[in-house]
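Visitor: Here the protein sequences come in this chain order: A and B.
If you count the first sequence from 1, position 77 lands on 77 in the working numbering, and the numbers rise without skipping.
If you want the working numbering, it's the 1-based position in the second sequence plus 229.
For each residue, glycine too, the CB sits at the ideal point set by N, CA and C.
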Amino acid sequence: MPTVRLTWTDLNSGVSQEEEHRIYRSTTAFDADTLPSVLATVAADVEFYEDPTAGFDTTYYYAVAAERGGVLAISFITVAVGAPSGDAGLIEYFLAKNSVLQSLTASTTTEVVFGTEVYDTNTAFAVNRFTVKPGMDGFYALLYASVVLSSNINQDSYLAIEVSTDGGTTWLGVVRQSAWPSDGPGVIAQVLLVDGHIYRVAMTIDTTAQDINFDDTVQFGGIILEPIA
Amino acid sequence: MSFFRAFANATQSIPGSTETELVFGAEDSDPDGVFASNRFTVPVGWNGKIGCLSAGYTSQSSTSTNTLRIQVSTDGGTSWTTIARQSNQNRPSVTVTAVPIVFVTGHIYRVVAFQNANTKENTPRNFFSGWYYPAATKVGMVRAELIGDLGGAANGDRIPTLDLEIVDSHGFHVLSSGIIIVPADFDGGFLHLTAAIRLLADPPTLRLWRSTDGGTTWTTIAEGAASTVSGTQSNECSCDGGAIAAVTGHQFRMTCRVGGSNFTFDGGTHLTNFSAIFFKY
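Pasting the structure below:
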């Protein structure tokens, strides 16, 4: 999704020092008497705001208000977000991260849980897995996954991206990174997609129980591209 | 244009246990002028585009802690947030990838290392690259894998014969040599390289190479390795080669090296492979 970045110059100081900035947004024009609900607030003296919730091919009307004691000083701007031209062959991109600490059982392969979806533009990611949709058959994917472990791990431990060609019953390694004794392995792969194939991330450890930390860099991401001859 | 690649052209002292921004003193490609002073700044033309950043790090010797991070600043370089992280241990090399990224004008990206005291090697394997998905006129892909077990000699760079072509959309791959060659169709575009290795035992060092003179001379452009400590093995690794310019006739290959003992690739799995996605716009 696009991100709209608003910037302004803060001229308020001293007795007119603002207490905060309020951001307003609407898809229809408005003025000081018809302000929509507050989209976001940012602290005093901050001079920018990034709106990650804007959509393509839409005109947005924004206002930024410096607020002090309930009194607003307002500036308006109109932003036209274009269509994603040039991205016609970009079919899907997804990024998921973990949302809690995950315990790993010794001598076991454990599927990594990604409880937070940051992007999933074609709804191909669900319940920790990326499933190839019919419209993606024969397309190309760049996949990457990484984890952060609670401590350095032992021999015969590895992180893997795995594929299932039978609906999730059996799994085959696509790429692996031996982790021992690192605490933060990552794996990258470029694959040819087949309708119905499912991809997951799995961590195999040896005889010592371990945790995957709740960390912003525990993630599973991918970009799916249409072949163009 | 929609990619860049910078690399190290000097050694760099890395202090112990201190987050250190890496220096990339030379540019392999930067047609949009987005890279300067070791950092990538998103230009207006990349705003809202979807892409990928990659980095590689090789130190002069093995180090017991070796973490590579890609970070972003949304406030002009004052504060930084790690968006991707990968670590290796008791090996000198590691790569890291951040994908997908939605680029925002003015955001700044850098690469930092956090490790025991060491010296960053003067090599193109220390790189920082990125791309966004362009208004492509051509998109192609090659992925080749190893069918059967294959031996390699100690302390030598062994090129695996990748005899199973999963996809080769534009005749990129030379089956007999395992080399990828840029065809004229993609001249002026770029490609993103990745590779992976699984050995029956032994910790591999995986290197990606480029030749610009028809295969006479080769330069390493990226390196990955499996973590290990002395006396034991781990045997699988992957490597992100990042984005690099596509020039007609340029060649790319992967090699595996194991110090001190002969080794064997584990064929018949997907786990030894060499791939690239090509873009022309």
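Name the residue from B/T423, B/I337, B/I450 whose alpha carbon lies nearest to the alpha carbon of B/N276.
Guide: B/I337
Visitor: If I follow the unbroken beta strand (DSSP E) through B/A424, where does it start and stop?
Guide: 419-427
Visitor: Would you mind giving the Cβ-Cβ distance between A/V4 and A/A43, rounded to the nearest angstrom? I have them listed as a contact below 8 angstroms.
Guide: About 19 angstroms separates the two Cβ atoms, so there is no contact after all.
Visitor: Between the stretch 252-284 of chain B and chain A, which residues of the former have a C-beta closer than 9 angstroms to a C-beta of the latter?
Guide: N276, G277, K278, I279, G280, C281, S283
Visitor: Would you verify that the beta carbon of A/S16 is, or is not, closer than 8 angstroms to some beta carbon of chain D?
Guide: Given the protein chain composition of this structure (A and B), no chain D is represented.
Visitor: Counting only the same chain and skipping the five closest in sequence on each side, list residues whose C-beta sits under 7 angstroms from that of B/P363.
Guide: S231, F508, Y510
Visitor: Any idea which residues DSSP pairs B/I450 with across the strands?
Guide: Paired residue(s): none; B/I450 is not in a bridge.
Visitor: Mapping the DSSP letters down to three states, classify B/V273 as helix, strand or coil.
Guide: helix
Visitor: Quick one, are the C-beta atoms of B/V411 and B/T477 less than 8 angstroms apart?
Guide: Contact flag set, yes.
Visitor: Below 8 angstroms between beta carbons: does that hold for B/A425 and B/N464?
Guide: no
Visitor: With a threshold of 8 angstroms between beta-carbons, can B/E248 be considered close to chain A, or not?
Guide: no
Visitor: Per DSSP, what kind of secondary structure is A/A65 in: helix, strand or coil?
Guide: strand
Visitor: Secondary structure at A/D33, three-state DSSP: helix, strand or coil?
Guide: coil
Visitor: Going by Cα to Cα distance, which pick from A/G173, A/I223, A/Y61 is closest to A/E92?
Guide: A/I223
Visitor: Can you give me the Cβ contacts of A/S85 inside the same chain, cut-off strictly under 8 angstroms, excluding the 5 residues immediately before and after it?
Guide: Annotation note: pLDDT 47 at A/S85 (below 50); position unreliable, coordinate value reported separately. No residues qualify anywhere along the chain.
Visitor: Please classify A/S85: does DSSP put it in a helix, a strand, or coil?
Guide: Since pLDDT at A/S85 reaches only 47, below the 50 mark, its modelled position is unreliable, and no value is offered.
Visitor: Residues of the stretch 121-144 of chain A with a CB closer than 7 angstroms to any CB of chain B: list them in chain order, please.
Guide: Those would be Y140, L142, Y144, in chain order.
Visitor: Just to confirm my understanding: we take B/W309, look at its own chain, exclude 5 residues before and 5 after, and list those with CB closer than 6 angstroms. What are they?
Guide: Q300, S302
Visitor: Under three-state DSSP, which class holds B/S316?
Guide: strand
Visitor: Report yes if the CB atom of B/Q318 is closer than 8 angstroms to the CB atom of B/N295, and no otherwise.
Guide: yes
Visitor: Have a look at B/F494 and B/C466 and give me their C-alpha separation to the nearest angstrom.
Guide: 12 angstroms
Visitor: Could you name each continuous beta strand (DSSP E) segment of 3 residues or more that falls completely within the stretch 301-358 of chain B, going from the start of the chain to the end?
Guide: For the stretch 301-358 of chain B, the continuous beta strand (DSSP E) assignments of 3+ residues that do not extend past its boundaries occur at 310-317, 322-331, 337-344, 347-349, in sequence order.
Visitor: Looking at chain B, is there any beta carbon in it that lies within less than 8 angstroms of the beta carbon of A/L11?
Guide: It does not: the Cβ of A/L11 has no partner Cβ on chain B nearer than 8 angstroms.
Visitor: Using a threshold of 8 angstroms, state whether the C-beta atoms of A/H21 and A/T41 are closer than that.
Guide: Taking 8 angstroms as the Cβ cut-off, A/H21 and A/T41 qualify as a contacting pair.
Visitor: Quick check: A/V79 and A/Y49, are their CB atoms within less than 8 angstroms of each other?
Guide: no
Visitor: Does the distance from the CB of B/A267 to the CB of B/L251 come in under 8 angstroms?
Guide: The sequence shown places Asn at residue 267 of chain B, rather than the Ala named in the question. Contact flag set, yes.
Visitor: Considering Cα atoms alone, identify which of B/T501, B/A382, B/V333 is closest to B/L393.
Guide: B/T501
Visitor: Is any beta-carbon of chain B found at less than 8 angstroms from that of A/L225?
Guide: yes
Visitor: Where does A/Q190 land, buried or exposed, given buried means 16+ other C-beta within 10 angstroms?
Guide: buried
Visitor: Taking only beta-carbon positions, decide if A/A179 is within less than 8 angstroms of chain B.
Guide: Yes, because at least one Cβ of chain B sits closer than 8 angstroms to the Cβ of A/A179.
Visitor: Where does B/D414 fall in DSSP's three states?
Guide: helix
Visitor: List the residues of chain A that B/T498 touches, going by C-beta distances under 7 angstroms, in chain order.
Guide: Those within 7 angstroms of B/T498 in chain A are G173.
Visitor: Can you check whether the C-beta of A/T27 is within less than 8 angstroms of a C-beta belonging to chain B?
Guide: no
Visitor: From what residue to what residue does the beta strand (DSSP E) around A/D120 run?
Guide: 116-120
Visitor: Determine the closest residue to B/I330 out of B/K367, B/S406, B/T484, B/I279, with distance taken between C-alpha atoms.
Guide: B/I279
Visitor: Got a sec: is the Cβ-Cβ distance from A/D232 to anything in chain B below 8 angstroms?
Guide: Summary: the structure shown does not reach residue 232 of chain A, with chain A confined to residues 1 through 229, and so no result is reported for it.
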